[in-house]
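Enquirer:
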Amino acid sequence: MSERVAIIDCGSGNLRSVAKACERAAAENGLRRKIVLARSAEAATAADRLILPGVGAFAACRAGIAAIDGMEEVLRAHVEA
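All residue numbers for the sequence shown refer to the numbering used here, where the first residue is 147 and numbers rise by one.
#1: Closest by CA to Glu188, which one among Ala152, Asn175 and Ala171?
#2: Counting along the chain, where does the beta strand (DSSP E) carrying Ile214 start and finish?
#3: Using DSSP bridges, identify the partner residues of Arg150.
#4: Within the same chain, show all residues whose beta-carbon is closer than 7 Å to that of Glu106, passing over the 5 residues directly before and after it, in chain order.
#5: DSSP state of Leu198, grouped into three classes?
#6: Roughly how many angstroms separate the alpha carbons of Cys156 and Cys168, rounded to a whole number?
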């Protein structure tokens, strides 16, 4: 079974290129990973791992996270787990 990795879509940046880079890195290292874009708290909850983009523009990413119902709680739970 593949591990599910979700890239949090907080409305900024080219996340498809991030997803492609993750898919390539997993393949090159023989890892079975399903890379998805999470646009909802439910999608993030279903993931085993989360990637939170926003380097250089985290203020905008933070605002995007706050705009997704339930996402802050999901991220907090993942960090605390």
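Positions of the beta carbon are idealized from the N, C-alpha and C atoms, including for glycine.
Predicted model only: the values in this text are computed from it and were never measured.
Expert: Reading it off the structure:
#1: Comparing alpha carbon positions, the residue from Ala152, Asn175 and Ala171 closest to Glu188 is Ala152.
#2: From DSSP, Ile214 is part of no beta strand (DSSP E); its letter is neither H nor E.
#3: Partner(s): Lys180.
#4: Residue 106 cannot be examined here, being either before or after the span of the chain that is shown, 147 to 227.
#5: For Leu198, the secondary structure class from DSSP, reduced to helix, strand or coil, is coil.
#6: So the alpha carbons of these two residues sit roughly 18 Å apart.
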